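**Q**
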Amino acid sequence: MSTQNESLSATAASPWASEEAWVGTRRPMLEAHALPAAAYADRSFFDVEQERVFATSWVCVGVHDELDAPGSAIVRTVAGRSVIVTRNASGELRAFLNACRHRGTELLAADCTLGRT
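Structure follows, in structure tokens:
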């Protein structure tokens, strides 16, 4: 929890950090408006969004055709973390962090076909 509070306090001076900036986003559809344009180019907004939205939600990382055969593997970045998605011999999709659990070394650099999954 302290990480979330620290990330917000570091962004207190940002144009999107005030309550006033968010009021319009909560209005009925025909009255609503987006955050100030500066929010979408603000690195601290991006960091908070990665942490609070993408790191805690389902995210589309590919389409069926990219993983149509057993052994297919794709490498994607989700919320700043590299992940591998692969189709095993039974046709099931599996996803893993793209890092060796012993030393943290990156396992795959790019999409590829693996021998056995």
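So the sequence shown is numbered by numbering that gives the first Met the number 0: it starts at 0 and just counts up by one. Every residue gets a Cβ at the ideal spot worked out from N, C-alpha and C, and that includes glycine. Just so you know, these numbers come straight off a predicted model, no measurement behind them.
Please report the straight-line C-alpha distance between VAL84 and ALA68, rounded to a whole angstrom.
**A** Distance between the alpha carbons of VAL84 and ALA68: 12 Å.
**Q** Can you find at least 3 beta carbon pairs, one from the segment 57-65 and one from the segment 74-93, that sit closer than 8 Å?
**A** Taking 8 Å as the limit for Cβ pairs, the verdict is that the segment 74-93 does touch the segment 57-65.
**Q** Does DSSP put LEU29 in a helix, in a strand, or in coil?
**A** Reduced to three states, the DSSP call for LEU29 is coil.
**Q** Can you list, in chain order, the residues of its chain whose CB lies under 8 Å from that of GLY114, leaving out five sequence neighbours each side?
**A** Taken in chain order, the residues that qualify are GLY70.
**Q** Is ASP41 closer than 9 Å to TRP15 when the C-beta atoms are compared?
**A** For TRP15 and ASP41, yes; Cβs fall inside 9 Å.
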